[in-house]
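The block underneath contains the structure these notes are about, expressed in structure tokens.
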Amino acid sequence: MFPDFIVKQADPAADLQALDKLATACERYTPWTATDPLGGGLLTDMSGSGGLWLDVTGCVHLYGNEDTLVKDLQDRCRHAGYQPRIGLANTPGAAWAAARFGATSCTIVPPKAHQHSLAPLPIAGLRLDLATLEGLESLGIRQIGDLYEMPRAPLASRFGGQVLRRLDQLQGRLEEPILPRRPAPSHSARLVFAEPIDRTDDISLALDKLLAKLCPELEEATLGARRLELIIFRVDNTRDSLVIGTSQPSREPDQLARLFRGDLDKLDPGFGIEVIVLAAIETNALAARQIDIANTSSCKQENAAKLVDRLSERLGMGNVIRLHPVESHLPECASEARPALKDSKSKTGWQGPLRRPLRPLQLLTQPLPIDVMAPVPNGPPAMFRWRKQQHKVTHAEGPERISPEWWRPTQLQTRSRALTKETRDYYRLEDHNGNRYWVYREGLYRPDKPPGWYLHGFFA
Amino acid sequence: MQVETLGSAPTSRNVFHPNPAVLDSLRSQIRQLERGRLLPSQAEPTISLGDPEIDGALPWGGLPVSGLHEIFGDTAAVGFTATLLNRLTKQNSSVPILWCQHGCDLYGHGVAEFGIDPDRLILVQCKSDTDILWAMEEGLRSSGIAAVVGKPYKIPPIAGRRLQLATEENGVPGLLLRPQQKTQTGAGAGKNQSIAPTSAALTRWHATAAPSITPASGIGLGAPKWNLELQRYRYSALNLQQQAQKQKFARRVNFWQVEWCHETGDLSVVAGLFDGSAQPQENKYRRQKAC
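From first to last, the protein sequence lines stand for chains A and B. Be aware that the first sequence starts at -17, since it is given in our numbering, and climbs by one per residue. Be aware that the second sequence starts at 65, since it is given in our numbering, and climbs by one per residue.
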């Protein structure tokens, strides 16, 4: 009947992801943005009931008035391929009802006629569960306005506190806080300039002042900063920010300033900077500490952490790494490099299974194909050619057969060619000069296809 | 008269006796310039390389901990470096080790086999020699690091001097891995011409792979064997003089074929006369016990 009809499985996770992306986009209107995946706290998994909360209190003037803000939001959503329904009201409850049951796709509830304009909306706009809705409808209550004049006590005794709570939330008698997605930083310092600044030296000076303000604050709270964000507000109402991370919580102004200093010239002052804010986005507990005169181990650890911070700041976080063992038989997956700045402890140890053959000191990230002459198809090579040089094999040890990990859906690390799903036979070889190599043959012997040989590492 | 003076000139040169007081004052001046390290002092902390023969060739009686050491060579040099690292950082076994090079090809499980806990390694991947040398100096000047290894392509002399000063001041050992020198005689072991300019490093080693000795069972690979050459070291002239005085060594021994023992992490010099390896002490003991 409908040949074009396409049936697809609902994907709540992807919906949630899309909603989150939309919320990020909406942060241009207000930082107080929250996702509402279940539709106003209704814990029913109704598809399409989700939404976004935007608390635009104090942000409207940036767009002129409410109409222009809503218009802008609508245009942008349509441009992105969504058909938005927008409600703007004094309370979250009223906005929820207006967005879903308003006459047009874009409803602004005027503050003065709050009660009056919400009255004709259906009671489903009150965010009630299905049983309550049915109960109310069986009593002939169909519109929100019907509830305004009802005596409260019988309503409460019949339907519980829910109806009254929602009604109060709608009318603003009961506070309903919106929890923003990004929590406001607990500790921040702010500097406002009488005249806009634009030189890097001035920003550096301002940074020192901000740190001098923020660090004692952190000390009082026995906290140390893990991530700091320096946000500049330019005169033309735009902003830019710089984020640094530390490997250990810290509240030493000198150290933190040094981490920022290398990147300060990346901040574009534009027409001038009016306000600078330094916020501690992420903090960890850091107890007050006795100054360590002797060079003890804790002091050494701290120095090492400071070194890691300095190196990461100049060379990039991904270039200062630590190796972590991973439980995997595949050699290239068994060791993983992670930024040293992030302290992640691995549970597995480095010692492999008992009697495991030796592992090379250096491993090639990408196994290199080599030309091999092997007397026996299943045996070790007698000679191989690598970098246009013949290597005569004098000693060989192996094979160590490593099978692909079929139980993993995809290779966890795709550092190399992700290793075709072939078995590998590893050999330790020594050539006539005494150099030692780790080579492998890919796949089992097949008469119709010559085997592929690869060089994978070097032994000392 | 003229004939007399001409004839007496060489004899007067031969019988020249320097004033010891003047010499001493000159020596003390130089010592001050050299930051009090003109002579290899016995008090300096050293580590043994595992074989008395190699240790004896060094004027310190071992490898000084607070110093810069250059290691030339191929993969064997990386192995030798790992052996040195293990020995240099044995005392403070929880303090991290900084390893700076272009790219990263170290394999954690392979490093673990050299007795170094890979969790201790902080690897720094640099894009230029300048970055490597900067990172090395930062590491050497930081007191939270057990040892620093760097693998730059080229080292300007001033940078090498800076590194040596940093390691002297802070006592953190520094190891410089250098690419293999070009040899004039092909694979002539130990006949390498030193092409690299002299640097401020205390010692310069050259390690290349050598064909290993077939194990007794005849199957598989034996212990790794390296050609190890001590190409130069500070105070070498001084040491030669002392040796000549003592008549202890007829010739200057600076080339060994060594085997690295996987069980103990020791280096042992392979006896040159017969085709067999000198077993390290602990191993010998273990074997006796087993018998």
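Glycine included, each C-beta is placed from N, C-alpha and C at the ideal position. From a predicted model like this one, the values you see are computed outputs, not experimental measurements.
Exercise for the section: Step through the CB atoms of chain B and report whether any lies within less than 8 angstroms of the CB of Q344 (chain A). Expected result: yes
Exercise for the section: Residues of the region 307 to 331 of chain A with a CB closer than 7 angstroms to any CB of chain B: list them in chain order, please. Expected result: P307, A316, S317, A319, A322
Exercise for the section: Go through its chain and collect everything with a Cβ distance to R184 (chain B)'s Cβ below 6 angstroms, but skip five positions before and after it. Expected result: P160, I161
Problem - CB of L239 (chain B) within 8 angstroms of CB of L170 (chain B), strictly - result: no
Practice task
In angstroms with no decimal places, state the Cα-to-Cα distance between A442 (chain A) and R418 (chain A).
Solution key: 7 angstroms
Handout entry: C-beta atoms of R320 (chain A) and H306 (chain A) nearer than 8 angstroms
Key = yes
Exercise for the section: Look at the alpha carbon of W269 (chain B) and the alpha carbon of D250 (chain A), and state the distance between them as a whole number of angstroms. Expected result: 50 angstroms
Handout entry: Where the alpha helix (DSSP H) through L148 (chain B) begins and ends
Key = 139 to 152
Handout entry: Listed by chain order, chain B residues near G439 (chain A) by CB distance under 9 angstroms
Key = D169, Y171, G174
Problem - Cβ neighbours of A80 (chain A) in the same chain (closer than 6 angstroms, five flanking residues each side left out) - result: G69, A71, T89, V91
Handout entry: Runs of alpha helix (DSSP H) lying entirely within the region 163 to 206 of chain B, each at least 4 residues, in chain order
Key = 172 to 177, 193 to 205
Practice task
Kindly list, in the order they appear in chain B, the residues whose Cβ is closer than 7 angstroms to that of V302 (chain A).
Solution key: I186, V188
Exercise for the section: For A253 (chain B), collect the residues of the same chain with a Cβ closer than 7 angstroms to its Cβ; drop the 5 residues on either side in sequence, then sort them by chain order. Expected result: Because A253 (chain B) sits at a pLDDT of 41, beneath the cut-off of 50, its placement in the model cannot be relied upon, and the point is left open.
Handout entry: Cut-off 7 angstroms between Cβ atoms - residues of its own chain near L110 (chain A), not counting five sequence neighbours on either side
Key = Q144, V145, R148
Exercise for the section: Look up F215 (chain A) in the DSSP assignment and give the residues it is bridged to. Expected result: A:R221, A:V257
Practice task
State the DSSP-derived secondary structure class of P92 (chain A), mapped to helix, strand or coil.
Solution key: coil
Problem - Three-state secondary structure assigned by DSSP to I145 (chain A) - result: With the sequence shown as reference, residue 145 (chain A) is identified as Val, and Ile is not the correct amino acid for it. Reduced to three states, the DSSP call for V145 (chain A) is helix.
Handout entry: Span of the alpha helix (DSSP H), counted from its first residue to its last, around A5 (chain A)
Key = -6 to 7
Handout entry: CB contact check: D138 (chain B) to chain A, cutoff 8 angstroms
Key = yes
Exercise for the section: Identify each residue in the region 350 to 384 of chain A for which the Cβ-Cβ distance to at least one residue of chain B is less than 9 angstroms, and report them in chain order. Expected result: T376, H377, A378, E379, G380
Handout entry: Proximity test, Cβ basis, 8 angstroms: Q444 (chain A) and chain B
Key = Shown here, chain A extends from -17 to 442; a query on residue 444 (chain A) therefore has no answer.
Handout entry: Supposed close pair Q372 (chain A), M365 (chain A) - CB separation, criterion 8 angstroms
Key = 6 angstroms
Problem - Bridge partner(s) assigned by DSSP for Q321 (chain B) - result: B:N291
Handout entry: Any chain A beta carbon closer than 8 angstroms to S276 (chain B)
Key = yes
Problem - Residue of B:Y217, B:S263, B:T145, B:F136 minimising C-alpha distance to Q228 (chain B) - result: B:S263
Practice task
Tell whether a beta-carbon distance below 8 angstroms holds between R221 (chain A) and F215 (chain A).
Solution key: yes
Problem - chain B contact for R423 (chain A) (CB, 8 angstroms cutoff) - result: no
Exercise for the section: Report all residues from its chain with a CB closer than 7 angstroms to the CB of T204 (chain A); omit the five preceding and five following residues, and keep chain order. Expected result: A267, L268, A269, A270
Practice task
Examine the Cβ distances between the region 171 to 180 of chain B and the region 290 to 301 of chain A and report whether three or more of them are shorter than 8 angstroms.
Solution key: no
Handout entry: Q372 (chain A) in three-state terms, based on DSSP
Key = strand
Practice task
Give the residues of chain A in contact with V159 (chain B), contact being defined as C-beta atoms less than 9 angstroms apart.
Solution key: S279, K282, Q283, A286
Practice task
Identify the contact partners of D330 (chain B) in chain A, using a Cβ-Cβ distance below 7 angstroms as the criterion.
Solution key: Within 7 angstroms Cβ-Cβ: nothing; D330 (chain B) doesn't reach chain A, min ~15 angstroms.
Exercise for the section: Going by CA-CA distance only, name the one from B:A176, B:E233, B:V142, B:G114 that's closest to E202 (chain B). Expected result: B:E233
Handout entry: Paired residues, beta bridge with D353 (chain A) - DSSP
Key = A:R367
Problem - Assumed close pair L152 (chain A), L108 (chain A) - CB separation to whole angstroms, cut-off 8 angstroms - result: 7 angstroms
Exercise for the section: Compare the beta carbon distance of G214 (chain B) and V129 (chain B) with 8 angstroms and say whether it is the shorter of the two. Expected result: no
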